[in-house]
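Residue numbers (our numbering), protein chains in the order written: chain A, 1 to 449; chain B, 1001 to 1449; chain C, 2001 to 2449; chain D, 3001 to 3449. Each residue gets a CB set at the ideal place from its N, CA and C atoms; glycine is no exception. For reference, the structure discussed in these notes is given below.
4 protein chains.
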Amino acid sequence: MKIVKIKTESIAHLSYLIISNNEAAVIDPRRDAEIYVDEAREQGAEIKYIFETHRNEDYVTGSREVKRHTDATIYHGEGLNFNFGEFVKDGQSFELGDLKLKILSTPGHTPESISIALYPEEEKKGAVGVFTGDTLFVNDVGRTDFFKDEMEKYAGLLYDSIHEKILPLGKQTVLYPAHGAGSVCGGGIADREVSTLGFEMDNNPMLQISRDEFIKKKVNETHQMPPYFHKMEEVNLSGNDEPFMNYKHLELFGAQSFESKMKSAQVVDIRDAEAFLGCAMKESLALPKDMIGAYAGYFLDYDKDILLVGDNLDHCKDANNELRRLGYDNVLGLLKGGMTHWETSAKPIEQIQLVSVNEIEDLSKDSETILVDVRKPGEWEGGIIEGARTLFLGDLEDNLSEFDKNKKIVTYCGSGKRATIAASLFKKHGFENVACFMGSMKAYNVKNS
Amino acid sequence: MKIVKIKTESIAHLSYLIISNNEAAVIDPRRDAEIYVDEAREQGAEIKYIFETHRNEDYVTGSREVKRHTDATIYHGEGLNFNFGEFVKDGQSFELGDLKLKILSTPGHTPESISIALYPEEEKKGAVGVFTGDTLFVNDVGRTDFFKDEMEKYAGLLYDSIHEKILPLGKQTVLYPAHGAGSVCGGGIADREVSTLGFEMDNNPMLQISRDEFIKKKVNETHQMPPYFHKMEEVNLSGNDEPFMNYKHLELFGAQSFESKMKSAQVVDIRDAEAFLGCAMKESLALPKDMIGAYAGYFLDYDKDILLVGDNLDHCKDANNELRRLGYDNVLGLLKGGMTHWETSAKPIEQIQLVSVNEIEDLSKDSETILVDVRKPGEWEGGIIEGARTLFLGDLEDNLSEFDKNKKIVTYCGSGKRATIAASLFKKHGFENVACFMGSMKAYNVKNS
Amino acid sequence: MKIVKIKTESIAHLSYLIISNNEAAVIDPRRDAEIYVDEAREQGAEIKYIFETHRNEDYVTGSREVKRHTDATIYHGEGLNFNFGEFVKDGQSFELGDLKLKILSTPGHTPESISIALYPEEEKKGAVGVFTGDTLFVNDVGRTDFFKDEMEKYAGLLYDSIHEKILPLGKQTVLYPAHGAGSVCGGGIADREVSTLGFEMDNNPMLQISRDEFIKKKVNETHQMPPYFHKMEEVNLSGNDEPFMNYKHLELFGAQSFESKMKSAQVVDIRDAEAFLGCAMKESLALPKDMIGAYAGYFLDYDKDILLVGDNLDHCKDANNELRRLGYDNVLGLLKGGMTHWETSAKPIEQIQLVSVNEIEDLSKDSETILVDVRKPGEWEGGIIEGARTLFLGDLEDNLSEFDKNKKIVTYCGSGKRATIAASLFKKHGFENVACFMGSMKAYNVKNS
Amino acid sequence: MKIVKIKTESIAHLSYLIISNNEAAVIDPRRDAEIYVDEAREQGAEIKYIFETHRNEDYVTGSREVKRHTDATIYHGEGLNFNFGEFVKDGQSFELGDLKLKILSTPGHTPESISIALYPEEEKKGAVGVFTGDTLFVNDVGRTDFFKDEMEKYAGLLYDSIHEKILPLGKQTVLYPAHGAGSVCGGGIADREVSTLGFEMDNNPMLQISRDEFIKKKVNETHQMPPYFHKMEEVNLSGNDEPFMNYKHLELFGAQSFESKMKSAQVVDIRDAEAFLGCAMKESLALPKDMIGAYAGYFLDYDKDILLVGDNLDHCKDANNELRRLGYDNVLGLLKGGMTHWETSAKPIEQIQLVSVNEIEDLSKDSETILVDVRKPGEWEGGIIEGARTLFLGDLEDNLSEFDKNKKIVTYCGSGKRATIAASLFKKHGFENVACFMGSMKAYNVKNS
């Protein structure tokens, strides 16, 4: 028996391939799903089951994609109206090679959430693992804020699911959740990729409190809700996604044709923050490649072509894959030859001013300068630079009207990356005097400690 | 925090790389050690500690190799006289990024065996994992037969180490042993790559019995003890191994020069069993590449050159790596152009007769035929073909004199692979009428069930 | 300017990608065409033109496949009724970056054959290369035997095309033909991958003779004409090929289901000859992977499923690619676990006897033995073993009735590979006493020299 | 027969592997020489000969490295005092499989330069190729300025070598030179990777003129002579280079230790120009990775440690390889975590101002601004921006004293890359007001055309 964990770093998503005796099951596959099919075949196994622990909202699931290439069946919990796949009931069992997989109905994060217990031998000998989806994480639990009017109800459901269904499997059970640290699906997930129910019972702060306290805490939590979630929910219910694993190419546009395509497109510059500061198109959104998973869903439109500016073809292909995981099938192509080609073609370029930690003190006191802290509310709690305006990056574009275009704008975040995205948004919307504090709060704290 | 498991299939060996916050530790590295150094660097981490849970006897450890490329320190338990590295004491702790690693002295398999508990936070919050070396496996425990005169003592030590040091870490602790199913270091290891102390407490048969029963069982166990173990023990104590990770090439020999080199060398044919049956050199040992880890140590001499016959250069390179893991640095080169080149050069070739499941019944009753079952004693318990002579493959070469060269020899094992090795040994030693039962006991059981 | 040569070893086919200044042209692409599209994109170029020098008969051309992934146009010479692409005229020119490509109408091999001259600067400065398709090779010229009634006419056309169109480009012109040594499209092609028109003028034997001698020689040549050529001609005219570059998987069949699928399928064993001799299914055709290009087209049916027996999944995937290049889209899947699985499942297995060079003399004199030399007519001219029956491998299956099933059949060829294919055909058709002379004529000549 | 061309893009260097019948020869190998050894072995061939067409001055030759891993012999022409290898004479022949290689003594570029003619059959049937080293290129000839006092003599020698030794091989001979377009070893080499002696006779401008004109032209040519050439000449004569192909790692330094190592080291920032502009260390030299081959030799000291700032580990490994090709074995390590880590550690950062094509006109007229054109003399001939100071990038560091630190410095080149290097040099040497014109002359010409 073998359990292969497949991690998608950009959205801190964890999926699993379980193999026993030439049979395989996939849990919560992502959209670029060759990895499951190929791995199973390499091991001489055929994928028999595809389980979705819940209707995911942060990425397009790969269940249909796996199914396109295998004879597997897709399974969901009951409670939502999926247009594809089969429904499973609490307690239902599946044979997989020498193993037994048993469904636990664990609503709370969503109404149809399930967990899956893994028994290597007979059930009475105990579970060795449990796949908890977004119900229980390492050091945290799933969010329960998707149904705004029923947050208490769902928080209570989650508490009960954990305490009545999952924890009774026993301390010896290894925990296999659907997300790791950094996911928007849970703010307190620990950066530790290993745990057991026993370790969580003793240490997970959300398991140390009463049902009432639990509900209270959950109801008061705030979580990001990027607008693309609605699109993902829709796609993952209806199953209307394009096939993914075909040989498909991005087009290469010269500076001239890129410029003409730009008029009706969204330009996304996926280079590193420093390169964007140094030289970029005014109209482009800075979105360094490793920020796509977390922030593309706030800024990009599904109905407008996307054009990429990157280091090279492979860089853009990777970005395209990241975008397609979020359902963006509308990338048209990329700037051939990158920024060098743009520059030498005499096309318009701009720079964003760099602010270093030594200058920030003075700037924060300057009445002609507005400091903007674009981190998340939870991060502000650790302290902000005096005088800074706090405004979460995801909310920035809707609130630009409140800033004075005659003042100097200095953005910051934790390290400077999100600050660069923010600076690009200001530029794009006509602010002329924009600067970015590289190093941001981390540098600030180092200097002031 | 991240734990990367590196598995060496050929000897079912498990080693680990633990990374936290730019610092890394390696546990029981193998000799081809780029994998640890490269992986750590890719993650931006430097290897700080190398732990050997015990003096390994089934492969050359890679501790010195890792050390050659890093600033790490090698650590052993106390009780054996290592010529390199530092000694650790029971209870000693090491900081690794945000983690704490704590040494448990767990003698039994060897006198200096240690286990290493992994605490992600404070110690009082409990361990999340334990690296048990050859002390505790999934579904089995380590062997205690290395000190023939003190087997009872070591069996008792192992029992105490498990019950007093390891199991008290708690049910929630994930188990990270040094071997998986198929290792000669434990006959009953389960083919399940996941477990916890809790699951083992409930299910590992060796943990369900009293100290006395445990000792009795251990003393009565039989294990293979390939002759190369002594060489490994010596190298792993003295540290006298050659550097591994240099760019070094195998020589390519044409049929003519191969033939002349053969006179003073051991010829190892690493092709599949079927190809060996079909056409091979009489003087060559059949040792399909995936059997090297398990059987090379019985047949190959450290002081005589090795020549390879394989499918192609890459095939031979892989075999060379497997052999170097076992300390065989004496591979000289390979037959250029493989068997085709040998055949077309008019060099001597032979065939071994194929026996199928439909013929075996008659052959077993034929007085002019000797059936030889070369499996392990434990396998014979499940039944043999009536009339067969049982003789473990590893013991075959020393007992050839008892076979009548005038009779037909038919070898068999579980599937036919080891039977092919056995058949090649008979041929090499002058038996003319040799056949191999492909499918062997598995086919026999299918047919007779 | 860059010319990338892409060689398909199995059919000794050469195709070319020409890149200049962000524009690319492909000449005679093969069906698995990612290599052209990917390479061009990596170089920042878009494929603009696809040229087919002639309607190929030995593989499915990749023109439609390249077109599916680019905006390129396909071009053919005039004289055949292609269902796709555009026609070009003699003398027509194409700009490609800084280069000029000029069409030369060079009928002879086929009526619409073209060659393409490459001018790096102005035409008057001379050509630097010429793409000659199957018109002119290194040391040979194209075959002219496709129109049986008009062989003289086509031989004359070829002579004129070479002497009036190609050679006038000048001695300095580098030769880029569509085939290298080993192709069925020309028997005398030299194993030298570099030439110029000047070198050929001086050394190519077919350019040293008069028009009359040339025609006479061509008319008297014999060439293999595998039956699949007709299918290729049809597909390459009609353009009715399946898209190739999709993510598509072979199915894995266990022994049980493989056996039941076998009843209505062709089983192809792609393992090495020695492995087939050692142990194989009686019903399977031996076709070592590297023989697929040359011999699959003689033995495999387009309308019957193909099942593969190979070393592993990757081995079978490669074989499937080779087969698809020849238009075989009917591979259903492979035997999971290979022959070991088959053997241990107690399924029927057989061996083919090995004959070595030391036994062949006696066998050739034995009246109960028939030696069969399955090489090509041209090879027989160099001498055969006395008493052998010569019968080209491709013609064997149609002539089995003339062999006596009561006699021992010993097959041979140049090395033993084709002899193994032949032996498998005899076995498959009910001959019981079949042996294969490994080393074959090469060994025979070594021994007798 | 097969000729494999291995191109090292960074220095436009071409080396060759010739294989015939299991024997191989290498011509002008580079220092990272696995590629030759591996390729030969993959083809089943052993390298027998290593030829150096001349004592190279622009890279460390890989002859000793190839020799370390094979039994090959190294050969040079006569006329320089090599400490290793054997000498060959004009007319000397070597058998290589079926081929013949014949040495032509072709002094001119250096006194011991040789060319090597390739005969596939008998010599009287003509050469099919010639390896000309730095004697004859596509569209140009080798430079003859290494012996300042004897430039006329060497120019004459080169003319005679070409006309008396090389061209007589005949028009049909394919040309295999040691450099392609972009090399400092010849300014007019065409960007066309294919030619023949016939095509060059007709089109190479240096072959259309008389001996006197040729000498006059050569004597008046100017070529870059980077200071590292002297080191290369010394190493390539003495043979004192370190082994290359060992597994060796770069160290990873955190911001703190990097900063302390910086004091006695050279910091090289290999990121893209735009990223350097955006945010960099003041003390670092901008040297985008693809500029290392052309410019490292002007700026880097062999006796001082080198520290790298790059995008990631792989990026720095590539740069280290490029540097080692030029003999820089003194790279100590890299900044762990790249610039982000530096920024968040509150270390000093700076920005270089961006100048776009729309601003350059005004700046060129501003008396407080100095425009510096850092291109090569040959490029200035095509026009400069009015008022600009021309100073070749390689000469900049020695002439900084002539610039006024109170003025604004604006650097430009062809595209902006070399301008970024120049800007970094100004910054490093204390100029505060430094800007870089991205797009540079290419953009300027687009705008003004």
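Cross-chain neighbours of residue i in chain G, by beta carbon under 9 angstroms
{"i": "Met-1 of chain A", "result": "The structure shown contains no chain G; the protein chains it does contain are A, B, C and D."}
Where the beta strand (DSSP E) containing residue i begins and where it ends
{"i": "Thr-3340 of chain D", "result": "Premise fails: Thr-3340 of chain D lies in the alpha helix (DSSP H), 3338–3344, not in any beta strand (DSSP E)."}
{"i": "His-2013 of chain C", "result": "2013–2020"}
{"i": "Ala-2025 of chain C", "result": "2023–2027"}
{"i": "Ala-2280 of chain C", "result": "Unbroken run through Ala-2280 of chain C: none, as it is neither H nor E."}
{"i": "Ile-2003 of chain C", "result": "2002–2008"}
Where residue i sits in the DSSP three-state scheme
{"i": "Gly-3293 of chain D", "result": "helix"}
{"i": "Arg-1192 of chain B", "result": "coil"}
{"i": "Arg-1144 of chain B", "result": "Note on residue identity: the sequence assigns Thr, not Arg, to residue 1144 of chain B. In the structure shown, Thr-1144 of chain B sits in coil (DSSP, three-state: anything other than H, G, I, E or B)."}
{"i": "Tyr-302 of chain A", "result": "coil"}
{"i": "Cys-436 of chain A", "result": "strand"}
{"i": "Val-1066 of chain B", "result": "helix"}
Residues sharing a beta bridge with residue i, DSSP
{"i": "Phe-3094 of chain D", "result": "D:Leu-3101"}
{"i": "His-1179 of chain B", "result": "B:His-1013"}
{"i": "Leu-1450 of chain B", "result": "Residue 1450 of chain B cannot be examined here, being either before or after the span of chain B that is shown, 1001 to 1449."}
{"i": "Gly-3129 of chain D", "result": "D:Leu-3118 and D:Val-3174"}
{"i": "Tyr-3075 of chain D", "result": "D:Phe-3051 and D:Glu-3086"}
{"i": "Asn-3408 of chain D", "result": "The question names Asn, but residue 3408 of chain D in the sequence shown is Lys. Lys-3408 of chain D is bridged to D:Thr-3369."}
Extent of the continuous alpha helix (DSSP H) run through residue i
{"i": "Asp-3329 of chain D", "result": "It is not in any alpha helix (DSSP H) - Asp-3329 of chain D carries neither H nor E in the DSSP assignment."}
{"i": "Leu-2393 of chain C", "result": "2393–2396"}
{"i": "Phe-244 of chain A", "result": "Per DSSP, Phe-244 of chain A belongs to no alpha helix (DSSP H) and is neither H nor E."}
{"i": "Leu-3354 of chain D", "result": "Here Leu-3354 of chain D belongs to no alpha helix (DSSP H); instead the beta strand (DSSP E) covers 3353–3355."}
Cα-Cα separation between residue i and residue j, rounded to whole angstroms
{"i": "Leu-277 of chain A", "j": "His-230 of chain A", "result": "32 angstroms"}
{"i": "Asp-1090 of chain B", "j": "Leu-1104 of chain B", "result": "5 angstroms"}
{"i": "Arg-1055 of chain B", "j": "Asp-1140 of chain B", "result": "20 angstroms"}
{"i": "Glu-3379 of chain D", "j": "Gly-3327 of chain D", "result": "29 angstroms"}
{"i": "Ala-452 of chain A", "j": "His-341 of chain A", "result": "The displayed coordinates of chain A run from 1 to 449. Any statement about residue 452 of chain A would go beyond what the structure contains."}
{"i": "Lys-1447 of chain B", "j": "Thr-1390 of chain B", "result": "21 angstroms"}
Spatially closest choice to residue i from the options, by CA coordinates
{"i": "Phe-2426 of chain C", "options": "C:Leu-2285, C:Ile-2270 and C:Asp-2038", "result": "C:Leu-2285"}
{"i": "Ala-2025 of chain C", "options": "C:Asp-2032, C:Val-2004 and C:His-2013", "result": "C:Val-2004"}
{"i": "Tyr-992 of chain B", "options": "B:Ser-1010, B:Pro-1029, B:Glu-1023 and B:Glu-1009", "result": "It is not possible to answer for residue 992 of chain B, since the shown part of chain B is limited to 1001 through 1449."}
{"i": "Leu-1313 of chain B", "options": "D:Ile-3027, D:Glu-3009, D:Ala-3040 and D:Ile-3035", "result": "D:Ala-3040"}
{"i": "Glu-1057 of chain B", "options": "B:Gly-1133, B:Ala-1255, B:Asp-1269 and B:Ile-1421", "result": "B:Gly-1133"}
{"i": "Pro-3226 of chain D", "options": "D:Leu-3393, D:Glu-3065 and D:Val-3355", "result": "D:Leu-3393"}
{"i": "Ala-2117 of chain C", "options": "C:Gly-2108, C:Thr-2106 and C:Phe-2131", "result": "C:Phe-2131"}
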